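**Student:** Each protein sequence line maps, in turn, to chains A and B. According to my numbering, the residues represented by the first sequence are 611 to 862, in order. According to my numbering, the residues represented by the second sequence are 611 to 862, in order. The structure follows.
Number of protein chains: 2
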Amino acid sequence: MKKGPLETLITGVDTRTSHSQVVDVLGRAIISGEFPVGTILPGDQELAMRFKVSRTVLREAMKTLAAKGLIVPRARIGTRVTARNQWNLFDSDILTWHFHNGIDEDFLTHISEVRMAFEPHAAALAAIHATEVEISHMMRLAVAMGDPAHTPESLAVADLRFHLAVAEASANPFMRSVGSLIEAALVGIFKLSSPAADREGIEDVSRNHIRIVEQISRRDEAGARAAMEVVIRVGRARVRVAMDDTPETVAG
Amino acid sequence: MKKGPLETLITGVDTRTSHSQVVDVLGRAIISGEFPVGTILPGDQELAMRFKVSRTVLREAMKTLAAKGLIVPRARIGTRVTARNQWNLFDSDILTWHFHNGIDEDFLTHISEVRMAFEPHAAALAAIHATEVEISHMMRLAVAMGDPAHTPESLAVADLRFHLAVAEASANPFMRSVGSLIEAALVGIFKLSSPAADREGIEDVSRNHIRIVEQISRRDEAGARAAMEVVIRVGRARVRVAMDDTPETVAG
DNA sequence: ACACGCATATTGTCATATGATATGATTTTT
DNA sequence: AAAAATCATATCATATGACAATATGCGTGT
Chain A
611 MKKGPLETLI TGVDTRTSHS QVVDVLGRAI ISGEFPVGTI LPGDQELAMR
661 FKVSRTVLRE AMKTLAAKGL IVPRARIGTR VTARNQWNLF DSDILTWHFH
711 NGIDEDFLTH ISEVRMAFEP HAAALAAIHA TEVEISHMMR LAVAMGDPAH
761 TPESLAVADL RFHLAVAEAS ANPFMRSVGS LIEAALVGIF KLSSPAADRE
811 GIEDVSRNHI RIVEQISRRD EAGARAAMEV VIRVGRARVR VAMDDTPETV
861 AG
Chain B
611 MKKGPLETLI TGVDTRTSHS QVVDVLGRAI ISGEFPVGTI LPGDQELAMR
661 FKVSRTVLRE AMKTLAAKGL IVPRARIGTR VTARNQWNLF DSDILTWHFH
711 NGIDEDFLTH ISEVRMAFEP HAAALAAIHA TEVEISHMMR LAVAMGDPAH
761 TPESLAVADL RFHLAVAEAS ANPFMRSVGS LIEAALVGIF KLSSPAADRE
811 GIEDVSRNHI RIVEQISRRD EAGARAAMEV VIRVGRARVR VAMDDTPETV
861 AG
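Listed below in structure tokens is the structure:
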């Protein structure tokens, strides 16, 4: 039983190795702007001292961050924080760091927009490509979301599983790669306001998800797309309400 | 003048430092399946010997690959190649490696699907958020695509610039992050068959792109979305024709 | 004024040693 | 004999100290 990524997100980031600790702290510091974009960060030696690790570990951490596009090292110059638009926002670590710096409404809006672009399309593709096995699997997951015993966490996990299953059934590997994004969105939504709060909410969510599978099962592309759009719209609305008690525009 | 990413893709990958060389060779080997998914790759020392570099450099290269989700190291076990669905396909290096292993029709189809999900949405958002400065900038880029003096390369670059500008104007950072994907798609398309081959093709392309800007300028979301869909559909059709002289289904 | 070259600071690379960890064999216990 | 505890071992993780490569900017000479 491999532990899913959502769990690590909720329980906190893996801080076993000293490498990942440094990566985590530095990554958050960059994302938060503590090391502003365009600036040079301290040299290897000083950072190594500051984190109380060897230069080896520090450099490996830097390579990890560089691989994600956050920094660019240049000999004699130093290591520069790259412009925001060069960061790989689909990286699950980077998303996590964003959320650790407090939940930003704009950010959630952006994620919702991306989901709105992506997931309905994935559902439509699933209506074309999904196998019978995948369909019954998705149906089981959708039904499982209706369990009234759900805690907010367990519901978020079930939700994530369903959406990843749809992405998988789309037979397009890129859709599956958006998983980390979906995950981040669900965590954000769940932290703000969970439908598991009331039993009625849970039933609603489950019913809406089942409808997606039904459309996929009927091989109805447009129907699947529409059903998925409903689910995402509901989630977004919940976020808006939770973030601001006087939502300027609820009509989405 | 910062050099764009497309140039490096066409001219070949940066192979200055021995670190990036190792990353490149190992990355390609993993993507190509030379080190199959699920297998353990050779130990640090052996790989260091094989690449004729120190263990330090090799390990930093491994961290780079691990950051992109290609491998997972575990003490005493070794370093395992992760399942394909854990790779970050939106990473520009990973995409480059895919294309270096030969262009795969399925892969191009998948990219087209993603663009079809993403870019029309981005265009619609641009119709809402684009500033006047951004609009005139996009218009200049679209017009510049019509220059009959374009070589295939320069047209691909102009094309990329335009699509990135639209993503930027959407005011959603995630859209901009899909840039590496767009880039890969353009490179793939350009390698197969460039519209710069005939003058008529260039004019067509330019006209279609100008139409997008016009719709954005009119703040017409649906129109911008539709215009973008046309552009992507045309590109996809050209790829299909180029890949197979007897396209089974041109009707998309 | 201009070009050239050198001092210098920072990242890049190397070699070696030791610690941490998980596997599988071995031993002990029940 | 079966199960649990222990230990040897292989691999990654970390540390240390040294040297090489590189790019900046100053200073020097013409």
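All residues carry an ideal CB built from backbone N, CA and C; glycine is no exception. Note that the structure is predicted; figures quoted are calculated from it, not measured.
Less than 8 Å between CB atoms is the rule here; does H720/B satisfy it with respect to chain A?
**Tutor:** Taking Cβ atoms only, chain A reaches closer than 8 Å to H720/B, which makes this a yes.
**Student:** Name the residue from T674/A, R669/A, T649/A, E729/A whose alpha carbon lies nearest to the alpha carbon of I687/A.
**Tutor:** Cα-wise, what sits closest to I687/A is T649/A.
**Student:** Under 7 Å Cβ-Cβ, which residues of chain B neighbour T692/A?
**Tutor:** In chain order: nothing, as chain B lies at least about 11 Å away.
**Student:** Using only the alpha-carbon positions, how far apart do G811/B and R786/B sit?
**Tutor:** Cα to Cα, G811/B sits roughly 27 Å from R786/B.
**Student:** Exposed or buried, R850/A, counting other C-beta atoms within 10 Å across all chains shown (16 or more means buried)?
**Tutor:** Buried.
**Student:** Beta carbons nearer than 7 Å to chain B: which residues of the region 785-803 of chain A have them?
**Tutor:** Those residues of the region 785-803 of chain A that come within reach of chain B (Cβ to Cβ, closer than 7 Å) are R786, S787.
**Student:** Can you tell me the Cα-Cα spacing of S664/B and D703/B, whole angstroms?
**Tutor:** Each residue's alpha carbon lies about 23 Å from the other.
**Student:** Measuring only between beta-carbons, confirm whether A832/A sits less than 8 Å from chain B.
**Tutor:** False, the Cβ-Cβ gap to chain B never drops below 8 Å.
**Student:** How would you label P652/A, buried or exposed, when you count the other beta carbons within 10 angstroms and need 16 or more for buried?
**Tutor:** That one is exposed.
**Student:** Just the chain B side, please: which residues come within less than 7 Å of K673/A by C-beta, in chain order?
**Tutor:** Within chain B, the residues near K673/A are E670, K673, T674.
**Student:** In its own chain, which residues sit with a C-beta less than 6 Å from the C-beta of A837/B, not counting the 5 before and 5 after it?
**Tutor:** Cβ within range, chain order: R821, I822, Q825.
**Student:** If we call anything under 8 Å between Cβ atoms a contact, is R669/B one with E670/A?
**Tutor:** In this structure, E670/A lies closer than 8 Å to R669/B by Cβ.
**Student:** Should M659/B be labelled buried (16 or more other beta-carbon atoms within 10 Å of its own) or exposed?
**Tutor:** Per the 10 Å Cβ criterion, exposed.
**Student:** To the nearest angstrom, how far is the alpha carbon of H629/B from that of P646/B?
**Tutor:** For H629/B and P646/B, the distance between alpha carbons rounds to 22 Å.
**Student:** Output needed for A795/A: all residues of its chain with C-beta closer than 8 Å, excluding positions within five of it in sequence on either side, in chain order.
**Tutor:** Taken in chain order, the residues that qualify are L718, I721, S722, R725, G845.
**Student:** So for L651/A, helix, strand or coil by DSSP?
**Tutor:** DSSP places L651/A in strand when its eight states are reduced to three.
**Student:** In whole angstroms, what separates the C-alpha of N782/B from that of Q655/B?
**Tutor:** Going from the Cα of N782/B to the Cα of Q655/B covers about 44 Å.
**Student:** Let me confirm a value: E715/B is counted as buried when at least 16 other C-beta atoms fall within 10 Å, else exposed. Which label applies?
**Tutor:** Result: exposed.
**Student:** Is the beta carbon of D701/B closer than 8 Å to that of K673/B?
**Tutor:** No, the pair does not count as a contact, with Cβ atoms beyond the cut-off.
**Student:** In the DSSP assignment, find the unbroken beta strand (DSSP E) run with P783/B in it and report its ends.
**Tutor:** Run containing P783/B: none in the beta strand (DSSP E); it sits in the alpha helix (DSSP H), 783-787.
**Student:** Starting from the beta carbon of K678/B, find every residue of chain A whose beta carbon is closer than 7 Å, and list them in chain order.
**Tutor:** Simply A677.
**Student:** What does F728/B touch in chain A if you count any residue whose Cβ is under 7 Å from its own?
**Tutor:** By Cβ distance, chain A contributes A727.
**Student:** Flag this pair as yes or no: are the beta carbons of S868/B and L735/B separated by less than 8 Å?
**Tutor:** This structure gives no information on residue 868/B, because the portion of chain B shown stretches from 611 to 862.
**Student:** Would S790/B pass as a contact of L705/B if the rule is Cβ separation under 8 Å?
**Tutor:** Yes; because the gap between Cβ atoms is below 8 Å, this pair is in contact.
**Student:** At which residues does the alpha helix (DSSP H) containing P762/A begin and terminate?
**Tutor:** Note, P762/A: alpha helix (DSSP H), 762-779.
**Student:** Within a Cβ cutoff of 7 Å, which residues of the same chain sit near F772/B, ignoring the five residues on either side of it in sequence?
**Tutor:** Hits under 7 Å: M748, L751, A752, M755, H819.
**Student:** Along the chain, which unbroken stretches of the alpha helix (DSSP H) at least 4 residues long are found entirely within the region 677-718 of chain A?
**Tutor:** Runs of the alpha helix (DSSP H) inside the region 677-718 of chain A: 702-710.
**Student:** Three-state secondary structure (DSSP) at T798/B?
**Tutor:** For clarity, residue 798/B is Gly in the given sequence; the question names Thr instead. G798/B: helix per DSSP, three-state reduction.
**Student:** Using a Cβ-Cβ cut-off of less than 8 Å, list which residues of the region 766-781 of chain A approach chain B; keep chain order.
**Tutor:** Going along the region 766-781 of chain A in chain order, one finds E778 with a Cβ nearer than 8 Å to chain B.
**Student:** Shorter than 8 Å from the beta carbon of E824/A to some beta carbon of chain B?
**Tutor:** Not an interface residue.
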